[in-house]
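The structure under discussion appears below in the form of structure tokens.
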Amino acid sequence: AQPNLMHLPPYLSATMVPERLAPGRAGTLTVTLNSNLLHDYGLTQSAVYLAENPGDTVSADHEIAVSAVLLPSFLGMTAAQKQYAPKMVLSKTAVDINFNGKSKKKDVIEITNKGRTELDISSLQLFTGGLKVSLGKSKLKPGEKTELKITAIRDDLKKVRTRPRILMITNDPDHSKVTITINAK
């Protein structure tokens, strides 16, 4: 066999060692992410397909889901700069939803900027279907508040395979990536 990955997006590369496998032998397939080729902060998802030999047909049985989350870098930030950075405070980071026979249920999370500079929520993404979100405003001045409205749809949530979550990317160095978990019953 000559294992390889098909349909690699430009930001991924793969190498197989050894390139050919004899029967009963194992090898290592190494996948490398080039984050310079990701353009937007937040979640990027794609699917690649493992093939035994070049030219094999793509099959859902050989699909490998790939997820990457790109975050802003705060590496060069000094303690003095961090002191003046935005500071996001959420009223909660997990939402418990009990449908009680209803097809839709809503909840609200309050977001406050307790920092000294403007908070920028640059990305708001869903890991799964079954949710709708609405953000009052994405830029908050110091002391300002906004609401993140979440609507869960029962029938759509029954179809998802992973726990529903919301990903938020901000310019707060302590909370550049925030994951809000949805617990639906």
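Positions 66 to 250 (the working numbering) are the ones given, in order, by the sequence shown.
Built from N, CA and C at the ideal position, the CB exists for glycine as well.
Note that the structure is a prediction, hence the values are computed from the model and not measured.
- In the same chain as Glu209, and ignoring 5 residues on each side of it, the C-beta atoms closer than 6 Å to its own belong to Asn178, in chain order.
- The region 173-190 and the region 206-223 touch, with three or more beta-carbon pairs separated by less than 8 Å.
- Taking C-beta separations shorter than 7 Å and ignoring five residues to either side along the sequence, the partners of Asp220 in its chain run Ser168, following chain order.
- Beyond the five residues adjoining it in sequence on each side, Gln110 comes within less than 6 Å, by CB distance, of Ser132 in the same chain, given in chain order.
- In the three-state reduction of the DSSP assignment, Asn248 falls in the strand class.
- Residue pairing by DSSP places Lys214 opposite Val173 and Ser199 in a beta bridge.
- Assigned with DSSP and collapsed to three states, Gln110 falls in strand.
- Here Gly89 is exposed, its C-beta having fewer than 16 other C-beta atoms within 10 Å.
- One Cα belongs to Leu115, the other to Ala150, and the distance between them is close to 44 Å.
- Of all C-beta pairs linking the region 187-200 to the region 228-238, three or more are shorter than 8 Å, placing the two stretches in contact.
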